[in-house]
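Take a look at the structure below.
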Amino acid sequence: MTILSNPAEFVSSVKRPADIDAFWEDVLAQTARIPLQIDVSHDPLRSSPQVDVYQVHYTSLDHVRIAGWYARPANHAGQLPGLLVVPGYSMEPLIPKNWAARGYAAFSVAPRGKLRSNGQFNPGYPGLLTHGIVDRNTYTYRGFYMDSCRGVDFLLSRDEVDADRLGVTGHSQGGGLSVVVAALRPEIKVATSGAPFLCGFMDAIDLTDGYPYQEIADYLRLHPDSRQQVTDTVAYFDGISLAPRVTCPIIVNIGLQDSTCPPETGYALFRAIGSEDKQLHDYDGYGHDANNAVHTGIIEAFLAQHLEP
Amino acid sequence: MSTPSDTKPLDFDAYWQDTLSQLARLPAAPEVEEIPLRSTDFATAYGVQLTSIGPYRIFGYLSIPTGEGPFPARYFLPRYGSVADLVPQGTSNGQRQRYVTFAICARGQRRSDRPYSAGFPGQLTDGIDDPSGYIYRGIVADCCRGLEFLVSRPEVNPQRVAAIGTDMALVTAALCPRVTHLVYTPVIFFQALERAAATQAYPLEELNDYLRQRPEQRDQVSQTLAYYDASHFAPMVGARTLLMAEAGSSPLGPAAMEPVTRSIRGSTDVHESENSGYRDGAYSELWLSRELGVPEASLPPHWR
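Protein sequence lines, in the order shown, are assigned to chains P and U. So that you can map any letter, position 170 of the first sequence is 170 in my numbering, and since no number is skipped, the others follow by simple counting. So that you can map any letter, position 1 of the second sequence is 1 in my numbering, and since no number is skipped, the others follow by simple counting.
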């Protein structure tokens with residue numbers, strides 16, 4: 001595929017499945033029937049005088065136990081805004097002390113397959129992106145998305161969290177997951193998405209030659225007959241397919257020289273987002289960092305504006 | 001009274017010589033098996049298992065270009081985290097067309113996590129009270145074992161072997177003279193304890209967490225970290241070097257890293273970060289291809 005001189009003009013090949021809403025409503029309903037069984041334990045090693053840190057576990061789809069880090073200000077009065085922090089593909093979920101120090105009750109989830117959530121399910125890296133990819137009912141990300149969405153349920157279970165002030169933030173895979181969670185959980189009031197992965201899967205394997213999308217190219221090289229099945233499956237999981245469901249305020253930042261999550265897919269995602277209040281920050285001269293050195297301040301201000309920590 | 005973590009221990013050389021001697025006494029016993037899923041028409045991928053000190057079995061991803069060698073080699077050293085990729089995320093898979101690549105998964109990382117599965121956070125302080133039992137001693141040995149394996153391959157041009165990565169790249173280049181080129185991005189092991197005091201960001205925050213719980217261990221932690229400080233390894237590096245510094249007045253910026261830069265014996269270039277993965281990545285890629293004598297740089301499509 002030829003790289004366009006203006007990636008904003010790229011037209012994605014993603015076709016939104018006609019029954020995508022029914023598919024996800026069914027998965028959400030299946031998940032809701034499983035008791036959360038939350039376990040929260042204070043972690044004195046990771047806590048500081050300013051921030052209390054807790055190790056959290058809960059049950060998600062397929063009865064997989066999911067881990068996460070919960071951090072909140074050590075001293076606070078009244079309820080706090082809740083912030084769900086969703087992780088990148090190969091990075092470890094961070095302990096969200098920085099958000100807690102800013103006045104948020106912040107939960108950083110480790111969806112299935114991540115360290116601490118890989119006791120029952122562990123396809124590995126590389127590998128997770130293509131695990132079960134020929135069937136939307138078995139694809140890894142069916143559960144992975146639910147694990148992330150259940151982070152909202154965890155935050156809502158906390159007395160100190162204000163249910164009317166919930167946000168989600170992430171970069172790379174976390175940027176894709178932010179869109180997914182905002183699309184599937186209407187309780188989310190604001191979202192930020194950086195260099196979003198999981199958007200334009202089948203476009204990206206032609207636009208880039210790097211991992212993680214290369215995992216799908218590897219898979220199709222070995223299983224060329226599965227291309228249509230793979231295309232059909234990922235259409236249900238593509239952020240571009242889910243974006244019309246997003247109605248909350250959202251900002252997206254992309255780098256125009258991103259070799260991991262190509263900017264073409266970021267533009268396509270942004271156009272598909274249903275929110276009236278949406279902003280795109282497209283940074284020329286930046287790669288997968290999407291100008292985080294500067295944009296982090298914009299994210300902090302945007303979340304503070306909407307969540308009032 | 002605590003001493004700075006960059007004060008060189010008197011037995012620094014003996015400590016590392018003993019580590020390398022332990023490694024030398026153990027046969028590597030390599031097992032090499034093709035990974036068809038990651039093989040292409042231009043390169044074949046292999047999974048490699050080797051024995052390191054402990055003894056401990058470690059894993060690595062090897063890729064060999066199709067065609068007549070020998071080829072220059074890129075040795076990817078482990079970053080701080082559980083995942084090691086065949087080639088680093090964000091770089092072009094096309095580099096496998098021109099280079100032998102080898103990525104080692106050090107003990108504790110995925111595929112080298114039996115029986116020891118590291119926590120992130122957690123690994124940085126595992127055994128840090130005692131230099132002889134610190135987890136990084138084994139990790140350094142793993143990195144050196146990987147280098148030995150790589151240069152033993154007949155497909156590799158021994159005049160063009162680049163170690164690429166964060167702290168472990170510098171350490172490997174220091175302890176293994178067969179590294180001819182080094183691309184080093186400092187992250188943890190340079191004045192670590194002093195820099196930790198000024199941050200709440202992981203991985204250095206692990207040191208703060210640890211010492212908050214065990215303040216009486218500060219001297220021991222400082223002494224252990226001194227065996228790993230970049231300033232002590234730098235004079236042992238004879239490779240042609242590119243040091244990827246952070247921007248401006250950062251504690252890992254060009255000025256702060258000057259003691260390391262000055263000490264490296266090999267000719268050294270310093271690149272000050274432009275806070276752009278694209279600009280920094282392209283600079284590093286062009287430097288490597290030029291220095292390794294490969295006419296065409298392996299740039300991802302969006303960097304061309």
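A virtual CB, placed ideally from N, CA and C, is assigned to each residue, including glycine. Values in this document were obtained by computation on a predicted structure and should not be read as measured data.
Can you name the residues that DSSP bridges to Tyr70/P? Tyr54/P and Phe107/P
Are any of the Cβ atoms in chain P nearer than 8 Å to that of Pro36/U? yes
Output yes or no for whether 8 Å exceeds the beta carbon distance between Gly151/P and Phe121/P. no
Can you name, in chain order, every residue of its own chain whose Cβ lies under 7 Å from the Cβ of Arg79/U, other than the five neighbours on each side? Gly165 and Thr166
Assign Ala118/U to buried or exposed, taking buried as 16 or more other Cβ atoms, counted over all protein chains shown, within 10 Å of its Cβ. buried
Between the Cα of Val85/P and those of Trp69/P, Asn75/P and Asp203/P, spot the shortest distance and give me the residue it belongs to. Trp69/P
So what's Thr192/P in DSSP terms, helix, strand or just coil? strand
For the stretch 84 to 100 of chain U, enumerate the residues whose C-beta is nearer than 9 Å to any C-beta of chain P, in chain order. Ala84, Asp85, Leu86, Val87, Pro88, Gln89, Gly90, Thr91, Ser92, Asn93 and Gly94
Taking a cut of 8 Å between CB atoms, which residues from the stretch 254 to 269 of chain P lie near chain U? Gly255, Leu256, Gln257, Asp258, Ser259, Thr260, Pro262 and Pro263
Contacts that Pro44/P makes with chain U (C-beta to C-beta distance below 8 Å): Gln213
What are the boundary residues of the alpha helix (DSSP H) that Val221/U is part of? Arg218 to Ala226
So, helix, strand or coil for Leu129/P, using DSSP? helix
Helix, strand or coil: which one does DSSP assign to Phe302/P? helix
Could you say which of Leu80/P, Leu36/P, Arg33/P and Ala272/P lies nearest to Ala183/P if we only look at CA atoms? Ala272/P
Residues that DSSP places opposite Cys105/U in a beta bridge: Phe59/U
Interface partners of Asp209/P on chain U, CB under 7 Å: Ser92, Asn93, Gly94, Pro300 and Pro301
Can you give the Cα-Cα distance for Asn98/P and Ala71/P, rounded to whole angstroms? 9 Å
To the nearest angstrom, report how far apart Thr169/P and Gly175/P are at their CA atoms. 7 Å
For chain P, find out if any of its Cβ atoms is closer than 8 Å to the Cβ of Tyr202/U; answer yes or no. yes
Thinking C-alpha only, which one of Leu207/U, Gly69/U and Phe42/U is nearest Ala192/U? Leu207/U
Taking Cβ positions only, does Lys97/P come closer than 8 Å to chain U? yes
Give the DSSP-derived three-state secondary structure of Gly119/P in the structure shown. coil
Does DSSP put Ser2/U in a helix, in a strand, or in coil? With a pLDDT of only 49 at Ser2/U, under 50, the local geometry of the prediction cannot be trusted, and the value read off the model is given with reservation. Residue state, collapsed to three classes: coil.
I'd like to know if Tyr58/P contacts chain U, where contact means its C-beta is closer than 8 Å to some C-beta of that chain. no
DSSP beta-bridge partners for Phe76/U? Ala103/U and Ile164/U
Less than 7 Å between the CB of Leu222/P and some heavy atom of the ligand GTP, yes or no? Here there are no bound small molecules, and the ligand GTP is not part of this structure.
For Ala163/U, which option in Pro301/U, Ala73/U and Ile264/U has the closest C-alpha, if you only look at C-alpha atoms? Ala73/U
May I ask you to list, following chain order, the residues of the stretch 142 to 170 of chain P that have a beta carbon less than 7 Å from some beta carbon of chain U? none
Within 8 Å (strictly less), CB to CB, does Glu308/P reach chain U? no
Under 8 Å, CB to CB, which of the residues in the stretch 224 to 257 of chain P have a partner in chain U? Gly255, Leu256 and Gln257
What is the rounded straight-line gap between the Cα of Val11/P and the Cα of Arg279/U? 27 Å
For the stretch 56 to 89 of chain P, enumerate the residues whose C-beta is nearer than 7 Å to any C-beta of chain U, in chain order. none
Nearest-angstrom Cα distance between Gly253/U and Pro249/P? 37 Å
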